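Reading through the structure tokens given below for one structure.
Protein chains: 2
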Amino acid sequence: MSIITIVGAGMMGTALCWPLADNGHTVRLGGTPLDEEIVASLHATRIHPKLQRRIPEGVTVYRAAQLPEALAGAEVVVSGVSSFGVDWFARTVGEYLRPGVPVIAVTKGLEDQPDGTLITLPEATRRRLPPAMREQVSLNAIGGPCIAHELAARRQTAVVFCGTDEAVLARLRQTFTTPYYHIWLSTDVTGVEVCAAMKNAYALGVGLAVGMMEQAGADGLARMYNPQAALFAQGCLEMRRLLEITGGGMENDTWLPGPGDLYVTVFGGRTVRLGKLLGQGLSFAEARQQMAGETLESVEIATRVARALPKLAARGLAKLEDFPLLLHIDRILNHGERVNLPWEAFFNRP
Amino acid sequence: MSIITIVGAGMMGTALCWPLADNGHTVRLGGTPLDEEIVASLHATRIHPKLQRRIPEGVTVYRAAQLPEALAGAEVVVSGVSSFGVDWFARTVGEYLRPGVPVIAVTKGLEDQPDGTLITLPEATRRRLPPAMREQVSLNAIGGPCIAHELAARRQTAVVFCGTDEAVLARLRQTFTTPYYHIWLSTDVTGVEVCAAMKNAYALGVGLAVGMMEQAGADGLARMYNPQAALFAQGCLEMRRLLEITGGGMENDTWLPGPGDLYVTVFGGRTVRLGKLLGQGLSFAEARQQMAGETLESVEIATRVARALPKLAARGLAKLEDFPLLLHIDRILNHGERVNLPWEAFFNRP
Chain A
82 MSIITIVGAG MMGTALCWPL ADNGHTVRLG GTPLDEEIVA SLHATRIHPK LQRRIPEGVT
142 VYRAAQLPEA LAGAEVVVSG VSSFGVDWFA RTVGEYLRPG VPVIAVTKGL EDQPDGTLIT
202 LPEATRRRLP PAMREQVSLN AIGGPCIAHE LAARRQTAVV FCGTDEAVLA RLRQTFTTPY
262 YHIWLSTDVT GVEVCAAMKN AYALGVGLAV GMMEQAGADG LARMYNPQAA LFAQGCLEMR
322 RLLEITGGGM ENDTWLPGPG DLYVTVFGGR TVRLGKLLGQ GLSFAEARQQ MAGETLESVE
382 IATRVARALP KLAARGLAKL EDFPLLLHID RILNHGERVN LPWEAFFNRP
Chain L
82 MSIITIVGAG MMGTALCWPL ADNGHTVRLG GTPLDEEIVA SLHATRIHPK LQRRIPEGVT
142 VYRAAQLPEA LAGAEVVVSG VSSFGVDWFA RTVGEYLRPG VPVIAVTKGL EDQPDGTLIT
202 LPEATRRRLP PAMREQVSLN AIGGPCIAHE LAARRQTAVV FCGTDEAVLA RLRQTFTTPY
262 YHIWLSTDVT GVEVCAAMKN AYALGVGLAV GMMEQAGADG LARMYNPQAA LFAQGCLEMR
322 RLLEITGGGM ENDTWLPGPG DLYVTVFGGR TVRLGKLLGQ GLSFAEARQQ MAGETLESVE
382 IATRVARALP KLAARGLAKL EDFPLLLHID RILNHGERVN LPWEAFFNRP
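Written as structure tokens, this is what we have:
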């Protein structure tokens, strides 16, 4: 049994308390500076305000100011921050990491470089760690379809742990596996992480179809799955293209990280809600107002990749016509356009 | 403008009346011997009893006995029969086909041969046509995500027409395309048709997860997408494996025919309903009783492919461990087992 410290008391970080506590580990859940309200609620009632569920017996909750204490002696560190917290995690938590203690992150995203190159968040984290730690810490990540509410309810969940060190991955699997939390391993960090990031952009895309149909008005038919399915398929195809560009393993487009994760995200809440509002014809500014205060990682990932693609195209590494859905989403998010799906540009095939 | 005869007045065959009539074609809708009640209803009220919608102006409806008249002068013939009607279509309608008049089918399925070889339904149809016609008729098929109700409501729908003759495909596209019915073309008949068939088996698989969770009882969480997503992903992976075995184009696992069609089928009605009943722990006999009278193509396709796989494995052409979900479904359908998902056997990767 090990001491595991989770940094970030958001929904997904917190949900990992369940398999870890069920396995008898000593679990420490530490808030970031943005989690003060959550931590206060956990201290007062042990109920997580977003999961609306009592955290398992034995989990100890720490405020951000107590992170040094929470991290002391940890044998595994979980990063539960969002993509907006990667810099903070690497620079602040990085000071307390110890050589040989692995990190595993639930964070989803890609970081675009000035020349358009897209790097994974484990790599982005590594580059920001204190220099002495950069080669001393194994940085791993979790991909695949997992809604935090369901993991906390011990629903059957199948995920992928990715990293570069097979021995570390095997140890992590042993630490986290339960009869309801099933873990597969992959050393293809790029492939898993590209899919984990892009599913947010494409779930927004599927949401556009839902919103468009609601806007079109009732005609006695409440169902509207044909257009959703077409956008789901276009999202899968664009994910494959991005795997080709980034050098991710092509098998990732046919298992948990690609279509599996996209499927679950379509049912996952705010990403699709934003897509629906945009699909109804709202501008992004109008939709953003209706979702004030919510973290929208889908906007961030779509914007970053859409910003990178022209640079990659100029370098001969990408073709813009392979990404009509992503670029349409970007025009809505960042260039004032309203939804107008470019059907004829879809499914551009060799 | 052309004369188009649709043979089979089921939901999907009938739904094609909308794009065809909107394009100004002369549309003849002919029932099979199993469609007598539907045809009677259409003659009396013009409302299709299953689509619950009035068919477009100008569509002429024929009884099975009038098929020779319905087919006289047709410039395109649509086969709207189910997989159980392929033999009837080839032998009976085959007598009235004319050289050079293409056929396009909505039928989904695969036919297993005694040695385990799986053939597509266009090929199975060809083998049953009157000998003189076998090389005279271009046999094409429609794949991709399309719920008939939605096409009849003119929802945005994206499909794939597949066949071996590019000129015929281009002509068919021109005949059927409307601003809401978007058509892509593929000469990879095997790839498109393998996905079109298998999505029924794997949508049943996704349904198992829904039923299992309902059976597990309420715990305050109505959502249950993590296990569905895992089975969706396993279905995608097994479809890819079957594409490898059958020589289908590998790109089909990332666009309309693979994940796109599986996505729509999960929302499509009886296939998932059967999966839910089995997921609740019913035996197939018990579930079948609750769905008496319904055509279950998902059972047929799962049974046929599961029957073929051991023969293909014996010939060194398949590995049984690549198909744990399909084989579990087969054990439920044909060997009296109850649901007990083999999680640890999933995602067997090279």
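Going down the list, the protein sequences come from chains A and L. Residues in the first sequence are numbered consecutively from 82, following my numbering. Residues in the second sequence are numbered consecutively from 82, following my numbering. Virtual Cβ for every residue (Gly too), placed ideally from N, Cα, C. Bear in mind the structure is a predicted one, so any value in this text is a computation, not a measurement.
- Since A:L358 and A:G286 are thought to touch, with beta carbons under 8 Å apart, how far apart are those beta carbons, to the nearest angstrom? As a first step, residue 358 of chain A is located in the first sequence; it is residue number 277 there, counting from the start. As a first step, residue 286 of chain A is located in the first sequence; it is residue number 205 there, counting from the start. With a Cβ gap of about 13 Å, A:L358 and A:G286 do not count as contacting.
- Roughly how many whole angstroms lie between the Cα atoms of L:T435 and L:D168? Residue 435 of chain L falls outside the range modelled here, since chain L spans only 82 to 431, and no answer is possible.
- Item | Uninterrupted alpha helix (DSSP H) stretches inside the segment 393-422 of chain A (no shorter than 4 residues) | 405-415
- Query: If we cut at 9 Å on Cβ distances, does L:I136 have a partner in chain A?
  - Reply: If you number the second sequence from 1, residue 136 of chain L lands on position 55. It does not; no Cβ of chain A falls within 9 Å.
- Mapping DSSP to helix, strand and coil, what is L:Y198? Walking along the second sequence from the start, residue 198 of chain L turns up at place 117. Sequence inspection shows Thr at residue 198 of chain L; the Tyr mentioned does not correspond to that position. Residue state, collapsed to three classes: coil.
- Query: Since L:R109 sits in a beta bridge, which residues does DSSP pair it with?
  - Reply: Position 28 of the second sequence, counted from the start, is the residue given in the question as residue 109 of chain L. In DSSP, L:R109 forms a bridge with L:T86, L:T141.
- For A:D196, I'd like the list of residues in its chain whose CB is within less than 8 Å of its CB, leaving aside the five on either flank, ordered along the chain. In the first sequence, counting from the first residue as 1, residue 196 of chain A sits at position 115. Taken in chain order, the residues that qualify are K392, R396.
- Nearest residue (CA-CA) to A:I326, options A:P260, A:H106, A:T198, A:F313: Indexing the first sequence from 1 puts residue 326 of chain A at position 245. Checking every option, the nearest Cα to that of A:I326 belongs to A:T198.
- Message: Any C-beta of chain L within less than 7 Å: which residues of the segment 260-275 of chain A qualify?
- Response: H263, W265
- Message: Within a Cβ cutoff of 8 Å, which residues of the same chain sit near L:T384, ignoring the five residues on either side of it in sequence?
- Response: Counting from one through the second sequence, the residue named residue 384 of chain L turns up at place 303. Counting only Cβ-Cβ distances below 8 Å, and skipping sequence neighbours, we find D411, L414, N415.
- Task: For the alpha helix (DSSP H) holding A:A368, just list the boundary residues, first then last.
- Result: Along the first sequence, one-based indexing puts residue 368 of chain A at 287. Per DSSP, A:A368 belongs to the alpha helix (DSSP H) from 365-371.
- Query: Going by Cα to Cα distance, which pick from L:C98, L:P423, L:R144, L:G225 is closest to L:D116?
  - Reply: Numbered from 1 along the second sequence, position 35 holds the residue referred to as residue 116 of chain L. Selected option, being the one with the closest Cα: L:R144.
- So which residues on chain A does L:W169 lean against when the C-beta distance must stay under 9 Å? Numbered from its first residue, the second sequence carries residue 169 of chain L at position 88. Those do not exist, as L:W169 stays about 29 Å from chain A at its closest Cβ, beyond 9 Å.
- Query: So what does DSSP say about A:L266, is it helix, strand or coil?
  - Reply: By 1-based counting over the first sequence, the position of residue 266 of chain A is 185. Correct three-state label for A:L266: strand.
- Report back the beta-carbon spacing between L:M320 and L:C276 to the nearest angstrom; my notes put them in contact at under 8 Å. As a first step, residue 320 of chain L is located in the second sequence; it is residue number 239 there, counting from the start. As a first step, residue 276 of chain L is located in the second sequence; it is residue number 195 there, counting from the start. Going by Cβ atoms, the distance from L:M320 to L:C276 rounds to 6 Å, so yes, they are a contact pair.
- Of the residues L:Q133, L:F170, L:L132, L:S164, the one placed nearest L:I87, counting alpha carbons only: To locate residue 87 of chain L, count along the second sequence from 1; it is residue 6. Cα-wise, what sits closest to L:I87 is L:F170.
- Task: Find out if the Cβ-Cβ distance for the pair L:Y262, L:P100 is shorter than 9 Å.
- Result: Against the second sequence, residue 262 of chain L aligns to sequence position 181. Against the second sequence, residue 100 of chain L aligns to sequence position 19. The answer is yes: Cβ separation under 9 Å.
- Message: By the DSSP assignment, the beta strand (DSSP E) with A:S160 in it spans what residues?
- Response: Counted from its first residue, the first sequence places residue 160 of chain A at position 79. Start and end: 157-160.
- Could you tell me the distance, in whole angstroms, from the CA atom of A:E216 to the CA atom of A:C98? Here the question's residue 216 of chain A lines up with position 135 in the first sequence. Here the question's residue 98 of chain A lines up with position 17 in the first sequence. The straight-line gap from Cα to Cα measures roughly 28 Å.
- Task: Please name the residues in the segment 221-232 of chain A whose beta-carbon is closer than 9 Å to at least one beta-carbon of chain L, in chain order.
- Result: G225, P226, C227, I228, H230, E231, L232
- Query: How would you list, in chain order, the residues of chain L whose beta-carbon sits under 7 Å from the beta-carbon of A:L318?
  - Reply: Within the first sequence, residue 318 of chain A is the residue found at index 237, counting from 1. Chain L residues near A:L318: T335, W336.
- Three-state secondary structure assigned by DSSP to A:R215: Translated into the one-based positions of the first sequence, residue 215 of chain A becomes position 134. Correct three-state label for A:R215: coil.
- Message: Against A:F404, what residues of chain L qualify as contacts under a CB-to-CB distance less than 7 Å, listed in chain order?
- Response: The residue you call residue 404 of chain A lines up with position 323 of the first sequence. In chain order: nothing, as chain L lies at least about 14 Å away.
- Contacts around A:P211, its chain only, beta-carbon distance under 7 Å, and the 5 residues preceding and following it disregarded: The residue given as residue 211 of chain A occupies position 130 in the first sequence. Closer than 7 Å at the Cβ level, and outside the excluded window around A:P211, lie G175, E176.
- Would you mind telling me which residues of chain L sit closer than 8 Å to A:N281, beta carbon to beta carbon, in chain order? Indexing the first sequence from 1 puts residue 281 of chain A at position 200. Under the 8 Å cutoff, chain L gives no residues; its nearest Cβ is about 15 Å from A:N281.
- Query: Name the chain L residues that come within less than 8 Å of A:N307, Cβ to Cβ?
  - Reply: By 1-based counting over the first sequence, the position of residue 307 of chain A is 226. Simply P226, C227, I228, E231, L232, R236, Q237, T238, A239, V345.
- Query: Out of L:T259, L:V158, L:V142, which has the shortest C-alpha to C-alpha gap to L:S83?
  - Reply: Mapped onto the second sequence, residue 83 of chain L falls at position 2. Considering only alpha carbons, the answer is L:V158.
- Item | Contact list for L:F428 against chain A, beta-carbon separation under 8 Å | Looking up residue 428 of chain L in the second sequence gives position 347. The contacting residues are A239, W265, W336, L337.
- Task: Assign A:T126 to buried or exposed, taking buried as 16 or more other Cβ atoms, counted over all protein chains shown, within 10 Å of its Cβ.
- Result: For this step, residue 126 of chain A is matched to residue 45 along the first sequence. By the neighbour-count rule (16 or more Cβ atoms within 10 Å), A:T126 is not buried but exposed.
- Continuous beta strand (DSSP E) stretch holding A:E192: start and end: Position 111 of the first sequence holds residue 192 of chain A. Per DSSP, A:E192 belongs to the beta strand (DSSP E) from 191-193.
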